[in-house]
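J.: Protein chains in written order, with my numbering: chain A, 1 to 84; chain B, 1 to 84; chain C, 1 to 605; chain D, 1 to 254.
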Ligand SMILES: Nc1ncnc2c1ncn2[C@@H]1O[C@H](COP(=O)(O)OP(=O)(O)O)[C@@H](O)[C@H]1O
């Protein structure tokens, strides 16, 4: 079944405590190639049938209202992913 | 600065309580086009300089060890995203 | 009403087919049955079991579900009681949890259980689902859960794997218990290298109810409906039984089954509220939580405890994973599910409560007068058994026991270090002791638990016992403590168990409560090792004797065996929980001194 | 005596005030909030998330807990409950609304209060007795406190770090809308030590710590803003509830 993926990331100006903790832990594992880490969310919405423009619009609405909080997060992507 | 994105999703056979709660809420918002929702994580690792194969390998290690719990999650992607 | 999924087209092994094909090879050994156990199943049925029956017997006759190695010893908890000890017992050993009368029409139910192995594999989820399981035991008695406790044991504090386990397990217990709104009122935190590859995660839950609200796990009254509600059934907890992924045992199709279970505390919180509303409206006749052995256990125990039989259509089970075979559905240990028996008149009221709480349910079948447990798959019979043979008449072993050869030498060895002499040396020794991992402040763990929720916590960490108010107008309440000392038990399992009981009893008594009842979680190594079996037998004997001497009955508990890494068993660790009662929790006494100028007395020997 | 509800003399005018307490799936502290209302002398009325009806209450409490498991974001799903539409309308009409912990999170998700809560900077669930300062005693919920008064009440959450953009924070400070501030060490990284805020009109208040767990002697914190008080005898939170009752009675609401 086709899936729509919604990516939500913390706004750049908002401190991301989880990303910060990961960034602090990586060098302790000997992984020092990174200057920063941010942790966001990835949602996969399954659609039964075709992904019509209407369904995609529903996904955009879901992304903007339920799946993200615009005060602290940005929706960075709403996209159909091809079936495997 | 270039970023490497790591996507981590709950394994398909594992219960995803978060996705389940969202799937239950969407129809109440009039968004009934979806048959299921799964919630995963998206990490963005910032790299200072070029994304060499070595750095990418570090990201893969981080994905497999720190960023995901292989017992319940799959790393579905480790990829460089082009600079905006 | 919910719709049943279309029955899958498996190559179903029906009862009829089983009777016609006596020589089919069955994977009883892979499912953990011993050869004589399998032969007994064949003898009971008068034919070979079907795949689904084999699934049921193998899981219900496992050590975990049948107590086959421990039963002969646990009998003492029933035998060594006087009438006086039973005075306050409303429900004793044998049900999901014991129920104790605490007066004024109130009763309390409490029980401690282990989730050791799952917590080692996946600390967060293992510990979380451990809390979930014991809380469902409490609900199934008709009670509102009011508190949890968590006796924990880990390996050496400086071992590289210990941090993973401690942080995962503590946040799992907090994550689940906090989300349920159950105050955590105590527990234990012990570090000892004997638990390195085998941490002990025991969880205790306590619930309160009015006498008239007691519910038992039995299916009675022919024509009454059997319903499964809560989460959908997935492939959880059947990883070890992967041979069942192919019902005909021939195909080699690989099938994905979860290695661990993920808890859904939100679903459980809703389930609690929903069950309490069912009880209040008196719409369930019998109820059973689904834990180990899932539907196998719930159907066979309900039917076995009832006065008739049960007939169930398994395709009515709502599935999370439609590829599950009947045997797998019967064995699945998916969390946050309950099974209930409802009279036809109450069906509508039942459904209304489910709808109010948005809980999924499906009617599986009904109670019959046949004395048989019959399970169909799309109309064809795949299980036809006497439920007692599955639930209560499993194998019982008198396993060989032998007192370890080293017992004398470990008892003979004594402290040969230097004793501190002089006040400075004693001061240093005390400071060193107080700073040791097992003695130092534990708030780094306990601050991750909510002790305020529900507003009835009168004592919690760091006091000797947790105290909960039961009745808000009179102040009637209970105190609970859990204790064990694996080292004492290792040195002398008989005295060790008594000491654990005595410590727990003292903790409850010093809080100001009158001790009333006992629950226990017996964590031991492999029962197939005669020396472990001796430790186990001695511990049970000690606990039963101790209970008789103190006049408090064991009301229920749990046995956890095979706690070992390689051939090395953990120290015998009987965790004992004592429950006491207060007329008014205002009289509770905290540990420690709170004001200057108070006199200090040392009591006892 | 512990749990002696009769300690406060019964006052018919107070008792006539009806305070609604909403229950969502996963709400935990609803009974506690109702008990606090009762102890303060008012009448608690249970409100159900799925019912778009406030049952003639004079004020609403959105209590703490893990509604919908806090799974997506704390408060994100509850915000869309039918009862919340009524709460939003009533708040616009001036009805006193209090959000505690998860309730505060729901009020921010519902845009009744600015900002949001993210994970604590130490990333753990933490339960501890917390000293706060009342920075604004002109709201319906704080009128019984002295300006600048201290209070010790339990703080227990995992997502308690208050965040908002600088402009919003400056506005809140400038308009005196920071109602409670953490005193001493910042327990969770909240911007400017903010523990609770109000809307521009002053009728909607949200705070992360739990006043309803410090209302009954014997079952609260061991300390108060005025020092050690003995075993569980901290009741600094009670005035939140008596404030709103007195405000409503004085305003002739009942
Ligand atoms: N160590 C023990 N002490 C006392 N009773 C026990 C002990 N272990 C198990 N029991 C009792 O045996 C009965 C069967 O256990 P049960 O509740 O079915 O186990 P589980 O909940 O693990 O499936 C229960 O009443 C339980 O309280």
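All C-beta atoms in this analysis are idealised placements derived from N, C-alpha and C, irrespective of residue type, glycine included. Just so it is clear, the structure is predicted and the values come from calculations on it, not from any experiment.
Starting from residue 256(C), find everything on chain B with Cβ-Cβ shorter than 9 Å and list it in chain order.
T.: As a first step, residue 256(C) must be located in the third chain, where it is residue number 256. Neighbours of residue 256(C) on chain B, chain order: 11, 12, 13.
J.: How is the alpha helix (DSSP H) around residue 270(D) delimited, first residue to last?
T.: Outside the shown range of chain D (1 to 254) lies residue 270(D), about which nothing can therefore be said.
J.: Hey, out of 1(A), 18(A), 78(A), whose CA is closest to residue 40(A)'s CA?
T.: Position 40 of the first chain holds residue 40(A). Considering only alpha carbons, the answer is 18(A).
J.: Closest to residue 595(C) by C-alpha separation, out of 229(D), 33(D), 239(D), 169(D), would be which residue?
T.: Taking the first residue of the third chain as position 1, residue 595(C) is located at position 595. Selected option, being the one with the closest Cα: 229(D).
J.: Using a Cβ cut-off of 8 Å (strictly closer), state whether residue 37(B) contacts chain C.
T.: Taking the second chain and counting its residues from 1, one reaches residue 37(B) at position 37. No - not a single Cβ of chain C is within 8 Å of the one on residue 37(B).
J.: In three-state terms, what does DSSP make of residue 392(C)?
T.: As a working note, residue 392(C) is residue 392 in the third chain. Coil at residue 392(C), not helix or strand.
J.: Could you spell out where the beta strand (DSSP E) holding residue 74(C) opens and where it closes?
T.: On the third chain, position 74 is the one that residue 74(C) refers to. Note, residue 74(C): premise wrong, no beta strand (DSSP E); alpha helix (DSSP H) at 71-79.
J.: Does the separation of the CB atoms of residue 69(D) and residue 28(D) fall below 8 Å?
T.: For the purposes of this step, residue 69(D) is taken as residue 69 along the fourth chain, with counting starting at 1. For the purposes of this step, residue 28(D) is taken as residue 28 along the fourth chain, with counting starting at 1. Against a cut-off of 8 Å, the Cβ pair of residue 28(D) and residue 69(D) comes out as no contact.
J.: Using three-state DSSP, classify residue 248(C) as helix, strand or coil.
T.: For the purposes of this step, residue 248(C) is taken as residue 248 along the third chain, with counting starting at 1. Any reading at residue 248(C) must be qualified, since the residue scores a pLDDT of 46, below 50, and its modelled position is unreliable; the value itself is stated next. Here residue 248(C) sits in coil by DSSP.
J.: Between residue 250(C) and the rest of its own chain, which residues show a CB-CB distance below 7 Å, the 5 nearest in sequence each way excluded?
T.: Indexing the third chain from 1 puts residue 250(C) at position 250. Its pLDDT being 44, under 50, residue 250(C) is placed unreliably by the model, and nothing is read from it.
J.: If you reduce the DSSP assignment to three classes, tell me which class residue 576(C) lands in.
T.: Residue 576(C) sits at position 576 when you count from the first residue of the third chain. Looking at residue 576(C) - three-state DSSP - the assignment turns out to be strand.
J.: Using 10 angstroms around the beta-carbon of residue 70(B), count the other beta-carbons present and answer buried if the total reaches 16, otherwise exposed.
T.: Sequence index remark: in the second chain, residue 70(B) carries index 70 (1-based). Flag for residue 70(B) reads exposed.
J.: Classify residue 300(C): buried if its beta carbon has 16 or more other beta carbons within 10 angstroms, exposed otherwise.
T.: Your numbering for residue 300(C) matches position 300 in the third chain. Counting Cβ neighbours within 10 Å, residue 300(C) comes out buried, since at least 16 surround it.
J.: Taking C-beta pairs closer than 8 Å, name the residues in chain A that residue 7(B) reaches, listed in chain order.
T.: Working through the second chain from its first residue, we reach residue 7(B) at position 7. Those are 42, listed as they occur along chain A.
J.: How would you write the range of the beta strand (DSSP E) that residue 7(A) sits in, first residue to last?
T.: Taking the first chain and counting its residues from 1, one reaches residue 7(A) at position 7. Run containing residue 7(A): 3-10, per the beta strand (DSSP E) assignment.
J.: Suppose only complete runs of 3+ residues qualify. What are the beta strand (DSSP E) ranges in the stretch 302-334 of chain C, listed by chain order?
T.: Whole beta strand (DSSP E) segments, 3+ residues: 309-313.
J.: In whole angstroms, what separates the C-alpha of residue 590(C) from that of residue 464(C)?
T.: For the purposes of this step, residue 590(C) is taken as residue 590 along the third chain, with counting starting at 1. For the purposes of this step, residue 464(C) is taken as residue 464 along the third chain, with counting starting at 1. Straight-line Cα distance between these residues: approximately 7 Å.
J.: Touching or not, the stretch 466-480 of chain C and the stretch 233-244 of chain D, by the rule of three or more beta carbon pairs under 8 Å?
T.: Contact between the stretch 466-480 of chain C and the stretch 233-244 of chain D is absent, because fewer than three Cβ pairs lie under 8 Å.
J.: Nearest CA to the CA of residue 210(D): which residue from 198(D), 166(D), 174(D), 151(D)?
T.: As a working mapping, residue 210(D) is identified with position 210 in the fourth chain. The candidate whose alpha carbon is nearest that of residue 210(D) is 151(D).
J.: Quick check on residue 168(D): does DSSP put it in helix, strand or coil?
T.: Sequence index remark: in the fourth chain, residue 168(D) carries index 168 (1-based). Residue state, collapsed to three classes: helix.
J.: Taking 8 Å as the CB-CB limit, is residue 60(B) close to chain D?
T.: Here the question's residue 60(B) lines up with position 60 in the second chain. No, because no Cβ of chain D sits closer than 8 Å to the Cβ of residue 60(B).
J.: When the cut-off is 8 Å and only beta carbons count, does residue 17(B) lie next to chain C?
T.: Start at 1 with the first residue of the second chain, and residue 17(B) comes out as number 17. Closer than 8 Å to some Cβ of chain C, the Cβ of residue 17(B) qualifies, so yes.
J.: Using the three-state DSSP reduction, which class does residue 275(C) fall into: helix, strand or coil?
T.: Indexing the third chain from 1 puts residue 275(C) at position 275. Correct three-state label for residue 275(C): helix.
J.: Helix, strand or coil: which one does DSSP assign to residue 155(C)?
T.: Locating residue 155(C) in the third chain gives position 155, where the first residue counts as 1. Three-state DSSP puts residue 155(C) in coil, outside helix and strand.
J.: Note down, in chain order, every chain A residue with its Cβ under 8 Å from the Cβ of residue 25(B).
T.: Residue mapping note: residue 25(B) aligns to position 25 of the second chain, counting from 1. Here the neighbours are 66.
J.: Taking the alpha helix (DSSP H) that residue 120(C) belongs to, which residues open and close that run?
T.: Locating residue 120(C) in the third chain gives position 120, counting from the first residue. Where residue 120(C) is concerned, the enclosing alpha helix (DSSP H) stretches over 116-121.
J.: Mind listing the chain D neighbours of residue 450(C)? Cutoff is C-beta to C-beta under 7 Å, in chain order.
T.: Numbered from its first residue, the third chain carries residue 450(C) at position 450. Under the 7 Å cutoff, chain D gives 127, 156.
J.: Going straight from the alpha carbon of residue 158(C) to that of residue 122(C), what length do you get?
T.: To locate residue 158(C), count along the third chain from 1; it is residue 158. To locate residue 122(C), count along the third chain from 1; it is residue 122. Near 20 Å, if we compare the C-alpha coordinates of residue 122(C) and residue 158(C).
J.: Would you say residue 75(B) reaches chain A, if we count a Cβ-Cβ gap shorter than 8 Å as a contact?
T.: Within the second chain, numbered from 1, the residue matching residue 75(B) stands at position 75. Answer no: the Cβ-Cβ gap between residue 75(B) and chain A never drops below 8 Å.
J.: Under 8 Å, Cβ to Cβ, is there at least one residue of chain B near residue 47(A)?
T.: Working through the first chain from its first residue, we reach residue 47(A) at position 47. Yes, its Cβ sits closer than 8 Å to a Cβ of chain B.
J.: Can you find a CB in chain D that lies within less than 8 Å of the CB of residue 63(A)?
T.: In the first chain, the residue the question calls residue 63(A) occupies position 63. Residue 63(A) does not count as touching chain D.
J.: Quick one: residues in its chain with C-beta nearer than 6 Å to the C-beta of residue 107(C), no 5 flanking neighbours on either side, listed in chain order?
T.: Start at 1 with the first residue of the third chain, and residue 107(C) comes out as number 107. 90, 99, 101, 209, 211.
J.: Residue ranges of each beta strand (DSSP E) run of no fewer than 3 residues wholly in the stretch 133-186 of chain C, ordered along the chain?
T.: Runs of the beta strand (DSSP E) inside the stretch 133-186 of chain C: 144-154.
J.: Please say whether residue 66(B) and residue 29(A) have beta carbons closer to each other than 8 Å?
T.: One-based indexing of the first chain puts residue 29(A) at position 29. One-based indexing of the second chain puts residue 66(B) at position 66. Taking 8 Å as the Cβ cut-off, residue 29(A) and residue 66(B) qualify as a contacting pair.
J.: Taking 8 Å as the CB-CB limit, is residue 19(C) close to chain B?
T.: Against the third chain, residue 19(C) aligns to sequence position 19. Chain B, which has no Cβ nearer than 8 Å to the Cβ of residue 19(C), makes this no.
J.: I'd like to know whether the C-beta of residue 55(A) is nearer than 8 Å to at least one C-beta of chain B.
T.: Position 55 of the first chain, counted from the first residue, corresponds to residue 55(A). Chain B contact via Cβ: present.
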